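Take 30 as the starting number for the sequence shown in the working numbering and just add one per residue. In what follows, a single structure is set out as structure tokens and then discussed.
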Amino acid sequence: MKNRKRYASSTISSDTFWPSFTDLISTFVLILFTLILLAFIQNIVKGNNLDFARKQLMDTEKKLEESKAEISQAENQLRLINDELADTKAEIEAGEIALKLSQEQIDEQSKIIAESNRELGDLRSKLEGVALLRVNVLQNVKQSVEKNLGKTNAQGEPLVSISQAGNIIINESLVFDFNSATIKPEGEALLEKLADAFKNVLDNSKVRRNIESIVIQGHTDSRGDEDTNRKLSAARSGAVTNYMFKVNPTLASKYGEYFSSSAYSEFRPLVLGTSEEAYAKNRRIEISIVVRDSEVQQIIDDYLEETKDLLEEN
Numbered sequence: 030m031k032n033r034k035r036y037a038s039s040t041i042s043s044d045t046f047w048p049s050f051t052d053l054i055s056t057f058v059l060i061l062f063t064l065i066l067l068a069f070i071q072n073i074v075k076g077n078n079l080d081f082a083r084k085q086l087m088d089t090e091k092k093l094e095e096s097k098a099e100i101s102q103a104e105n106q107l108r109l110i111n112d113e114l115a116d117t118k119a120e121i122e123a124g125e126i127a128l129k130l131s132q133e134q135i136d137e138q139s140k141i142i143a144e145s146n147r148e149l150g151d152l153r154s155k156l157e158g159v160a161l162l163r164v165n166v167l168q169n170v171k172q173s174v175e176k177n178l179g180k181t182n183a184q185g186e187p188l189v190s191i192s193q194a195g196n197i198i199i200n201e202s203l204v205f206d207f208n209s210a211t212i213k214p215e216g217e218a219l220l221e222k223l224a225d226a227f228k229n230v231l232d233n234s235k236v237r238r239n240i241e242s243i244v245i246q247g248h249t250d251s252r253g254d255e256d257t258n259r260k261l262s263a264a265r266s267g268a269v270t271n272y273m274f275k276v277n278p279t280l281a282s283k284y285g286e287y288f289s290s291s292a293y294s295e296f297r298p299l300v301l302g303t304s305e306e307a308y309a310k311n312r313r314i315e316i317s318i319v320v321r322d323s324e325v326q327q328i329i330d331d332y333l334e335e336t337k338d339l340l341e342e343n
């Protein structure tokens, strides 16, 4: 009885043990499978992530290469811009230098022009002084005559006047009768004072130095033939010169070389026309002063000598 019970207990324990072990193994295998599955899935996921990462890396590298190319292109453009900027800067600097040199040259030329203008102004003043000399001399002669004899005769005619050409004009009727070369008594006083005035003027060495000659001109009107008018104008100018020398011997002895007479007949009328008034104005004795050419030439030579260095520099 006791053995049967022991056998039965042994049988029950053996049957109970094996199913439990089987369940344990099954569970273990299931867990292992799950772990393997999870590892496999994880590997798949990691593989996918790696491919994605590789793709992103390739895209990034591609973009990087494109960026490098753009940067390289930009650097080339920047280099070209810098080169152009350097060239432009060099051109600007060269232009500034050229402008400065040009300005210096302009300033120098301005100085030269200013100096030339000053020299020309001096020359013009000297030449004008010589040109005005004869007018001043004749004005002095005119004033000397008027001081002693008055400005007009009894008929109200001016004794002497100054023409637009700067010459002294003596009306023919004051000295000569019509168609005559004989000096009238009232004309003798006029010519005597005229001779004294010319002597006083020529006594001034500064004035005399600039005078080449004093020309006594005879003029007629246009009536009559040319030969007669020429002879008449020559006779009248000669008569005036001779009478001044006669009444003032010093004028003849000291300054006779300055005087000459000329005849213009009717060919240099003061006014045009055929009226008696026009004829009367054209019949006249006219006295002109010829300025010495050598004095004018000396002034020009002095100017050229003073400006020689300036002319050679240019």
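Don't be surprised by glycine CBs; every beta carbon is placed ideally from N, CA and C. Computed from a predicted structure; not experimentally measured.
Alpha carbon of residue i to alpha carbon of residue j, nearest angstrom
| i | j | result |
| --- | --- | --- |
| E295 | T181 | 26 Å |
| A115 | A123 | 12 Å |
| V276 | R147 | 48 Å |
| E133 | R297 | 56 Å |
| R321 | I240 | 5 Å |
| R265 | E144 | 51 Å |
| T279 | L301 | 40 Å |
| E215 | Q184 | 12 Å |
| F62 | K75 | 19 Å |
| T56 | A68 | 18 Å |
| E201 | K222 | 17 Å |
| L203 | T249 | 14 Å |
| K283 | A263 | 24 Å |
| A119 | L128 | 14 Å |
| L261 | A309 | 15 Å |
| I245 | E137 | 52 Å |
| I318 | I126 | 59 Å |
| S251 | N258 | 8 Å |
| R12 | Q102 | In the structure as shown, the chain starts at 30 and stops at 343, and residue 12 therefore has no counterpart that could be examined. |
| V164 | D225 | 18 Å |
| L86 | A98 | 18 Å |
| I141 | V166 | 37 Å |
| S234 | S242 | 14 Å |
| Y293 | E305 | 20 Å |
| R238 | D232 | 10 Å |
| T281 | E255 | Going by the sequence as given, residue 281 is Ala instead of Thr. Cα to Cα, A281 sits roughly 31 Å from E255. |
| N271 | I191 | 22 Å |
| S291 | I212 | 17 Å |
| A186 | Y287 | Reading off the sequence, residue 186 comes out as Glu, not Ala. Rounded to whole angstroms, E186 to Y287 spans 29 Å at the Cα level. |
| V236 | S131 | 49 Å |
| F81 | I121 | 58 Å |
| A218 | N196 | 20 Å |
| L299 | N177 | 27 Å |
| L247 | L188 | Note on residue identity: the sequence assigns Gly, not Leu, to residue 247. Cα-Cα distance, rounded: 16 Å. |
| V269 | S139 | 56 Å |
N- and C-terminal bounds of the alpha helix (DSSP H) containing residue i
| i | result |
| --- | --- |
| Y13 | Nothing can be reported for residue 13: it is not among the residues displayed for the chain, which extend from 30 to 343. |
| K235 | S234 to R238 |
Per-residue DSSP class, three states only, for residue i
| i | result |
| --- | --- |
| N277 | coil |
| D206 | coil |
| G185 | coil |
| S251 | coil |
| V244 | strand |
| S190 | strand |
| V269 | helix |
| V300 | coil |
| K91 | helix |
| G124 | helix |
| K180 | coil |
| T56 | helix |
| T211 | coil |
| A143 | helix |
Bridge partner(s) assigned by DSSP for residue i
| i | result |
| --- | --- |
| N200 | R313 |
| A103 | Answer by DSSP bridge pairing: none, since A103 is not bridged. |
| S174 | The question names Ser, but residue 174 in the sequence shown is Val. Beta-bridge pairing links V174 to no other residue. |
| A292 | G247 |
| I318 | I243 |
Segment limits, beta strand (DSSP E) that includes residue i
| i | result |
| --- | --- |
| E221 | That residue, E221, is in no beta strand (DSSP E); its alpha helix (DSSP H) goes P214 to L231. |
Contact test: residue i Cβ vs the ligand ATP heavy atom, cutoff 7 Å
| i | result |
| --- | --- |
| E201 | The ligand ATP is not part of this structure, which contains no ligands at all. |
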